[in-house]
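*Asks:* Just dropping this structure here.
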Amino acid sequence: MNNKSLIILLVLAVFLVTGCKEKHNKAIDIAYQLTATVPDSSLSVLNGVNQAKLGKAEMARYALVYTIAQDKSGLDVDNDSLLRTAYTYYNNQEDDSLYAKCEYYMGKYYMLNDSTELAMDCLQKAADVSEKNGDRYTQCMALEKYSRVLRQTNPRKAVEVARHAETTYSSIPEASKSNIVYTKLNVSMCLLFADSVNEAEKKCKEAMSVAYEVKDSRILSDVYQDMASVLAERDYKESLWYSYHRAT
Numbered sequence: 662m663n664n665k666s667l668i669i670l671l672v673l674a675v676f677l678v679t680g681c682k683e684k685h686n687k688a689i690d691i692a693y694q695l696t697a698t699v700p701d702s703s704l705s706v707l708n709g710v711n712q713a714k715l716g717k718a719e720m721a722r723y724a725l726v727y728t729i730a731q732d733k734s735g736l737d738v739d740n741d742s743l744l745r746t747a748y749t750y751y752n753n754q755e756d757d758s759l760y761a762k763c764e765y766y767m768g769k770y771y772m773l774n775d776s777t778e779l780a781m782d783c784l785q786k787a788a789d790v791s792e793k794n795g796d797r798y799t800q801c802m803a804l805e806k807y808s809r810v811l812r813q814t815n816p817r818k819a820v821e822v823a824r825h826a827e828t829t830y831s832s833i834p835e836a837s838k839s840n841i842v843y844t845k846l847n848v849s850m851c852l853l854f855a856d857s858v859n860e861a862e863k864k865c866k867e868a869m870s871v872a873y874e875v876k877d878s879r880i881l882s883d884v885y886q887d888m889a890s891v892l893a894e895r896d897y898k899e900s901l902w903y904s905y906h907r908a909t
């Protein structure tokens, strides 16, 4: 029996021994726990929940957990109505443990839809509250996205935020080397936007060194692509320099 079948049996068992309202809460609890490791199974559990039976708070939690599961499954966070259901509730619940995550996903949604100011506001809130709560993982995700938004308008600030994300993530005991690669690449790209090409190249080489340890072809491909962008910018600037001095 595979893991997905076991999960479905577990959920069915929960449904059999609990009341109607409680069983839906338990299903959402189980789905939330599954988002980190088996998000597809999390979606399967959530699809079995009758949304019409949920109260306001339960529906908000359902909507947020569904959004998280979609994101972890590699799907774009583009369901505006579902996410806004969660955001409308959690935006005024700063003390709730899910507040920072909701602000993060709303900020990510705004970022993907080019709503810069709204994205920055949500991502800043997510970073600040998650730091206060000691949730370094959510803090790093928010800082990383925040730096991406800042690249276009304030590249120097973007570098500062990206470095903060890098150092914070590296301090997490269970930090994965794969994610460390991407935090370094993000710093490199922010440096590139800030016209610090040599520093960008150095940071990209750091990412490449870790990527070689990971031995994942997809990650290495991403590193090579970013390094190509850095080197192209470096060669372009050198070409401009030589052209200028030839003309003078």
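Just so you know, we're using the numbering used here here: the sequence shown kicks off at 662 and counts up by one.
Think of the CB as a built atom: it goes at the ideal place given N, C-alpha and C, for glycine as much as any other residue.
If you're wondering where the values come from, they're calculated on a predicted model, not measured in any experiment.
1. Give the secondary structure of Q800 by DSSP, where H, G and I count as helix, E and B as strand, and everything else as coil.
2. Taking N708 as part of the alpha helix (DSSP H), name the residues at either end of that continuous run.
3. Of the residues A787, L759, V810 and F854, which one's Cα is nearest the Cα of N911?
4. With a threshold of 8 Å, are at least 3 pairs of Cβ atoms found where one atom belongs to the region 754 to 772 and the other to the region 793 to 810?
5. How many angstroms separate the CA atom of A889 from the CA atom of V738?
6. Using DSSP with H/G/I as helix, E/B as strand and the rest coil, what is N815?
7. If you drop the 5 nearest sequence neighbours on each side, which residues of the same chain put their C-beta closer than 8 Å to that of S857?
8. Suppose you measure from the CA of A713 to the CA of L707; what does that come to, to the nearest Å?
9. What are the start and end residues of each continuous alpha helix (DSSP H) run of 4 or more residues lying completely inside the region 824 to 904, in chain order?
10. Which of the three DSSP states is assigned to D741 in this structure?
11. Please identify the residue among T746, A787 and S705 whose C-alpha is closest to the C-alpha of Q731.
12. M802 CB to nearest chain B CB: under 9 Å?
13. Can you tell me the Cβ-Cβ gap for E827 and T799, rounded? I've got them flagged as a contact below 8 Å.
14. Let me know if Y771 comes out buried or exposed under the rule of 16 or more other beta-carbons within 10 Å of its beta-carbon.
15. Measure the alpha-carbon distance for E862 versus Y897 and round it to whole angstroms.
16. In chain order, what residues of the same chain lie with their CB nearer than 6 Å to the CB of I841, ignoring the 5 residues before and after it?
*Replies:* Looking at the atomic coordinates:
1. Judged by DSSP in its simplified three-state form, Q800 adopts helix.
2. Counted as a single uninterrupted DSSP element, the alpha helix (DSSP H) harbouring N708 occupies residues P700 to N708.
3. Residue 911 lies beyond the stretch modelled for the chain, which goes from 662 to 909, so this question has no answer here.
4. For the pair of segments examined, the region 754 to 772 was found to touch the region 793 to 810: the number of CB pairs separated by less than 8 Å reaches three.
5. Computed Cα separation, rounded: 29 Å.
6. Three-state DSSP puts N815 in coil, outside helix and strand.
7. Hits under 8 Å: V820.
8. When rounded, the distance between both Cα atoms is 13 Å.
9. Within the region 824 to 904, the complete alpha helix (DSSP H) runs of at least 4 residues are 838 to 854 and 858 to 875.
10. In the structure shown, D741 sits in a helix (DSSP, three-state: H, G or I).
11. Answer by Cα proximity: S705.
12. Looking for chain B here will not work: only one protein chain is present.
13. Rounded, the Cβ-Cβ distance is 16 Å, inconsistent with contact.
14. Buried is the call here.
15. About 14 Å.
16. Excluding sequence neighbours, I841 sits near V871.
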